[in-house]
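Report on one structure; see the data block that follows.
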Amino acid sequence: MARGTLRAAKSRGSGSRTAGSAGARGRSAGWQGSPVVTAVVSVLVWGLAAGPVLWAVLRLSGTEDGYPLFPALAFTPYAAVAALVPLGVALLARRRAAAMVTVLALIALVAVLVPRVIPSRGPEIPPDGPRLRVLSLNLEYGEADPRQVVGLVKTHRADVLSLQEADAAAVERLEGAGLREWLPHRVALDGTAWAAGALYARYPLKRLPEWDPSAEFRMPYARMDVPGAPPVEIMSVHPTPPSSETGVRWLREGLARMPSAERHKGSAGTATVRILAGDFNSTLDHAAFRQVVDRGYVDAAAQRGAGFAATWPMEGASLPGVALDHVLADARVRVEDFRVGKVGGTDHTPVYARLRLPAAGD
Numbered sequence: 006m007a008r009g010t011l012r013a014a015k016s017r018g019s020g021s022r023t024a025g026s027a028g029a030r031g032r033s034a035g036w037q038g039s040p041v042v043t044a045v046v047s048v049l050v051w052g053l054a055a056g057p058v059l060w061a062v063l064r065l066s067g068t069e070d071g072y073p074l075f076p077a078l079a080f081t082p083y084a085a086v087a088a089l090v091p092l093g094v095a096l097l098a099r100r101r102a103a104a105m106v107t108v109l110a111l112i113a114l115v116a117v118l119v120p121r122v123i124p125s126r127g128p129e130i131p132p133d134g135p136r137l138r139v140l141s142l143n144l145e146y147g148e149a150d151p152r153q154v155v156g157l158v159k160t161h162r163a164d165v166l167s168l169q170e171a172d173a174a175a176v177e178r179l180e181g182a183g184l185r186e187w188l189p190h191r192v193a194l195d196g197t198a199w200a201a202g203a204l205y206a207r208y209p210l211k212r213l214p215e216w217d218p219s220a221e222f223r224m225p226y227a228r229m230d231v232p233g234a235p236p237v238e239i240m241s242v243h244p245t246p247p248s249s250e251t252g253v254r255w256l257r258e259g260l261a262r263m264p265s266a267e268r269h270k271g272s273a274g275t276a277t278v279r280i281l282a283g284d285f286n287s288t289l290d291h292a293a294f295r296q297v298v299d300r301g302y303v304d305a306a307a308q309r310g311a312g313f314a315a316t317w318p319m320e321g322a323s324l325p326g327v328a329l330d331h332v333l334a335d336a337r338v339r340v341e342d343f344r345v346g347k348v349g350g351t352d353h354t355p356v357y358a359r360l361r362l363p364a365a366g367d
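In terms of the working numbering, the sequence shown opens at residue 6 and continues consecutively.
Next up, the structure:
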């Protein structure tokens with residue numbers, strides 16, 4: 006009798022647990038299938054998917070006017086990586102349409118980014134053709150370590166040094182560190198510590214009128230004769246930073262006024278090679294910068310597959326690095342090497358490009 010009672014009790018207990026489990030599952034399923042929860046999940050998934058979609062539309066359309074949109078677009082490579090988050094959420098939530106839209110946006114972003122890591126050969130130029138080694142650096146208010154700058158010139162055997170934010174005091178410190186022993190020729194435009202600029206070269210420099218004399222930042226522009234090459238014109242580039250609405254407008258206007266390299270004729274009537282080197286305050290993700298490149302230039306970093314090499318900020322601001330500093334070479338020039346380095350006292354990296362120039366008369 007006791008055993009029978011015990012079995013009956015166990016049976017009732019088991020039945021109660023089974024019924025309780027079934028009830029819990031039913032309540033859980035009911036909660037998960039609730040229209041309210043479904044709507045909330047959908048809003049969350051589509052809200053996250055909207056980020057990469059909007060970014061891709063802005064990047065592909067060239068819509069970049071205004072602050073903070075213009076500086077934000079410099080971080081497009083990071084936006085592409087971040088797009089994996091909404092994609093993962095959409096897949097976990099089984100929202101196929103949102104996942105597909107996010108995938109399309111990601112493909113669009115990757116399509117414009119991948120070419121920067123694929124080296125291109127460039128024009129065919131005889132290996133014994135004239136060579137030009139270009140080094141550029143933003144000194145950050147002239148505070149970069151002068152001995153380290155001169156050391157880079159020696160290491161790379163630079164033929165040209167393009168400097169931004171190089172006021173008279175910075176120029177004096179650099180020359181005190183022996184810069185003119187290596188690059189004896191100079192064109193310097195003084196101004197405030199953030200607006201001055203200078204060019205140093207192994208070969209004689211002839212100062213040319215500033216391309217944009219109305220610009221807030223001074224951009225030295227000069228011609229030099231490289232043995233065996235056509236005349237070379239080089240500019241130390243430093244347009245206004247996009248740190249405000251006004252700054253964005255001035256930067257875009259400054260980039261629009263940059264000189265073209267398309268078969269430019271110098272004063273002697275011969276085809277002149279143009280090189281723009283400096284802190285452009287913009288990247289290949291800015292339409293205004295791409296329009297400069299499209300006027301007959303190649304970006305040295307991108308041509309060597311180093312288009313993601315960050316040049317700012319190297320200290321100070323806690324932001325991911327972006328490529329603001331560039332060497333743009335005439336499309337007739339072959340880029341043989343591109344590198345970034347490190348100099349103390351500045352939040353920019355130096356950028357170095359070894360160029361093979363066309364022969365005179367080509």
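Beta carbons: idealized from backbone N, C-alpha and C, even for Gly. Values in this document were obtained by computation on a predicted structure and should not be read as measured data.
Inclusion of L289 and D299 in the CB contact set at 8 Å is not warranted, their separation being larger than that value. Leaving aside the five residues that flank P246 on each side, the residues in its chain whose CB is nearer than 8 Å to its CB run, in chain order, G252, L256, N286. Look at the beta carbons and you see the stretch 331 to 339 not touching the stretch 146 to 162: under three pairs across the two are nearer than 8 Å. Excluding residues up to 5 positions away in sequence, A182 lie with their Cβ nearer than 6 Å to the Cβ of R152 in the same chain. Look at the stretch 232 to 282 and you find these whole runs of beta strand (DSSP E), each 3 residues long or longer: 237 to 242. Annotation: the continuous alpha helix (DSSP H) that includes H161 extends over 151 to 161. For the pair W51 and A61, the Cα-to-Cα distance works out to about 15 Å. In the structure shown, the three-state DSSP call for Y146 is coil. One alpha carbon belongs to D150, the other to V158, and they sit about 13 Å apart. Comparing alpha-carbon positions, the option among A293, L213, L49 lying closest to A261 turns out to be A293. Under the three-pair Cβ rule at 8 Å, the stretch 314 to 326 does not count as touching the stretch 104 to 111. Classified as exposed, G349 has fewer than 16 neighbouring CB atoms from the shown chains inside 10 Å of its CB.
Counting of Cβ neighbours within 10 angstroms places D70 among the exposed residues, the total staying below 16. Taking each of R100, E258, Y357 in turn and checking the Cα distance to A307, the smallest one comes out for Y357.
Setting aside the 5 residues that flank it on each side, E148 is surrounded in the same chain by G350, each with a C-beta closer than 6 Å to its C-beta; the list follows chain order.
The continuous beta strand (DSSP E) containing F343 extends over residues 339 to 345.
Looking at the DSSP output, D304 shares a beta bridge with L333. Closest by C-alpha distance to G196, out of V176, L184, P189, V86, is V176. In the DSSP assignment, M105 falls within the alpha helix (DSSP H) that extends over 101 to 118. Contact annotation: A95 and A104 have beta-carbon atoms nearer than 8 Å. Bounds of the alpha helix (DSSP H) holding V42 are 40 to 66. Per the C-alpha coordinates, the member of A98, V90, A234 positioned closest to D133 is A234. Going by DSSP, Y205 is part of the beta strand (DSSP E) stretching over 202 to 206.
Using a Cβ distance threshold of 8 Å, R138 and R359 count as a contacting pair. Distance from M224 to V242 at the Cβ level is roughly 6 Å; contact confirmed, criterion being Cβ atoms closer than 8 Å. According to the DSSP assignment, L97 belongs to the alpha helix (DSSP H) that extends over 89 to 97. The C-beta distance from G202 to A171 rounds to 6 Å, short enough to meet the 8 Å contact threshold. Per the coordinates, the alpha-carbon of S249 lies some 12 Å from the alpha-carbon of A77.
The C-beta distance from Y208 to R191 rounds to 12 Å, too long to meet the 8 Å contact threshold. The beta-carbon distance between G312 and A328, rounded to whole angstroms, is 7 Å. This is short enough to meet the 8 Å contact definition. In terms of Cβ geometry, T81 and L92 do not form a close pair [threshold 8 Å]. The beta-bridge partner set that DSSP reports for Y226 consists of M240.
DSSP links R295 through a beta bridge to no other residue.
A distance of 8 Å or more separates the beta carbons of S66 and D330.
Bridge pairing for H353: absent [DSSP].
Counting every other CB atom within 10 Å of its CB across the protein chains shown gives V58 a total of 16 or more, marking it as buried.
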